[in-house]
Amino acid sequence: MRLKLAEKIKPRYRVWLHRILVAGLITVAIQLIFLYVKYGSIFVELHYTSGIEFTFTFLYFLSLFSIYPRISRFLHSPVFNRLESVYINILEGITVAMSTFLLITIMKILPIWILLLYLNARYEDLNASFDIDALRRDVIAHAVLGLFIYYFVERERIRKQIQAEALRYAQLQKEEFKGQLENLKNQVNPQFLFNNLEALDSLIEKDPEEAVKFVNRLSYVYRSFLDREQELGTLAKEMELVEAYIYLLKTRFGDRIQFNMKIPPEYLSLQIPLGCLQVLIENAVLYNEISREKPLHINISIHREKLIVSNNLYEIRREKTSGAGLKDLIERYEYFTTETIEVEETGKELIVKLPLLKVEEYNGSFE
1 MRLKLAEKIK
11 PRYRVWLHRI
21 LVAGLITVAI
31 QLIFLYVKYG
41 SIFVELHYTS
51 GIEFTFTFLY
61 FLSLFSIYPR
71 ISRFLHSPVF
81 NRLESVYINI
91 LEGITVAMST
101 FLLITIMKIL
111 PIWILLLYLN
121 ARYEDLNASF
131 DIDALRRDVI
141 AHAVLGLFIY
151 YFVERERIRK
161 QIQAEALRYA
171 QLQKEEFKGQ
181 LENLKNQVNP
191 QFLFNNLEAL
201 DSLIEKDPEE
211 AVKFVNRLSY
221 VYRSFLDREQ
231 ELGTLAKEME
241 LVEAYIYLLK
251 TRFGDRIQFN
261 MKIPPEYLSL
271 QIPLGCLQVL
281 IENAVLYNEI
291 SREKPLHINI
301 SIHREKLIVS
311 NNLYEIRREK
321 TSGAGLKDLI
331 ERYEYFTTET
341 IEVEETGKEL
351 IVKLPLLKVE
361 EYNGSFE
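Numbers 1 to 367, taken from the UniProt record's numbering, label the letters of the sequence shown in order.
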């Protein structure tokens, strides 16, 4: 499972702001260098053509920064894994060179030529034309600079990103395998099964139809943990599991445990590590006294794209197991996002805030 995660995805406006800033700085630097080479000083009176040149140079580099990352990531993707590196390098060189000169033509030469035709047609006495020598120098300079940016900046950056992604993927696979083993130890544990079978035993005598429903929900909960193939899932999928799990708890504890859930529909498509809500609910049940005098209240809500799980505290001393719990949940989150789980304990209440994730296609361009 190749994950392209939100934590690695800067908001698009930030990506484009970065591109615009870099393209602008390079364009200004080039224009100043050309002025100095041509006039011996950068403090000269500028012609209107300088503004035109500046605009299309800026657009050229902005396009460059958008296309180069896509070329690099595509040519270093698994599609070309079977090719020898020498052929990939040749293909890469041809693709980059053609793209560079095509961009120069489309983003600089062609627009300026069309603009000159328009100005000459509108103003008969203008007679504006290309300076062929200046155009030749301009094309060579832009092409060399573009190729330099690709081979010494963008290509190296993408290579490091791919290596980092491969390492993260290997770590994630290891963590996923570890998580599967822990799930078998902790979710399919004899005590949990015993408690539910005990509840089922009493339910069979009182309400056989409800007992059938209880068995179906219990089967669904276990099957969800055993058949899990993905680490991430939608909040909607997680809530389906939680509702089944809550049903089992309500059957066991009755009014001694209360749930209050407020999940706006627009957040259900966001991603979350599967099973994390069950871990928090299980911890609340495991480490708190639950009685009619001291009922357990668990609240699940969302605020600013964070899933908030809180419960009142009637803690009892109990030796904590090694698998489930906040520590493991925090470690799982580290593989998906740089955002951290927030834990707040007030003495009367435990509040845990889980970041919700947006999984999109990675756009790694000058970030």
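The beta carbon of each residue, even a glycine, is placed where N, CA and C say it ideally should be.
Computed from a prediction, not measured in an experiment: that's the story for all the values here.
| Asked | Found |
| --- | --- |
| Where does the unbroken alpha helix (DSSP H) through Q278 begin, and where does it stop? | C276 to L286 |
| By alpha-carbon positions, which one of P355, I33, E305 and I246 ends up nearest to L329? | P355 |
| Short of 7 Å in beta carbon distance, which residues of its chain neighbour E92, apart from the five on each side in sequence? Order them along the chain. | L75 |
| Taking one C-beta from the stretch 329-346 and one from the stretch 286-303 each time, how about it: are there three or more such pairs within less than 8 Å? | no |
| Considering S310, what are the terminal residues of the beta strand (DSSP E) in which it resides? | K306 to N312 |
| CB V96 to CB L147, shorter than 8 Å? | yes |
| Taking DSSP's pairing of strands, which residues face H297 in a bridge? | Q258 |
| Taking I351 as part of the beta strand (DSSP E), name the residues at either end of that continuous run. | E349 to P355 |
| Measuring straight from C-alpha to C-alpha, what distance separates F336 and V144? | 39 Å |
| Starting from G233, follow the beta strand (DSSP E) in both directions and report where the run begins and ends. | L232 to T234 |
| Run through DSSP, which three-state label would V86 get? | helix |
| Nearest chain D C-beta to L270 closer than 8 Å, yes or no? | Within the model displayed, chain D is absent; a lone protein chain is all it includes. |
| Decide if L280 is buried, meaning its Cβ has at least 16 other Cβ atoms within 10 Å, or exposed. | buried |
| Is F58 near I112, with beta carbons less than 8 Å apart? | no |
| Can you list, in chain order, the residues of its chain whose CB lies under 6 Å from that of H297, leaving out five sequence neighbours each side? | Q258 and N312 |
| Give, in chain order, every unbroken run of the alpha helix (DSSP H) that is at least 4 residues long and sits entirely within the stretch 186-223. | 190-206 |
| Hey, is the stretch 26-40 in contact with the stretch 115-125, meaning 3+ C-beta pairs nearer than 8 Å? | no |
| In terms of residues, what are the limits of the beta strand (DSSP E) holding I272? | Q271 to P273 |
| Any heavy atom of the ligand MG inside 7 Å of the beta-carbon of V242? | This structure does not include the ligand MG; it has no bound ligands of any sort. |
| Rounded to the nearest angstrom, what separates L248 and F194 at their Cα positions? | 12 Å |
| Hey, how far is the Cα of I300 from the Cα of K160? | 40 Å |
| When you compare only the Cα positions, how much space is there between I263 and M98? | 51 Å |
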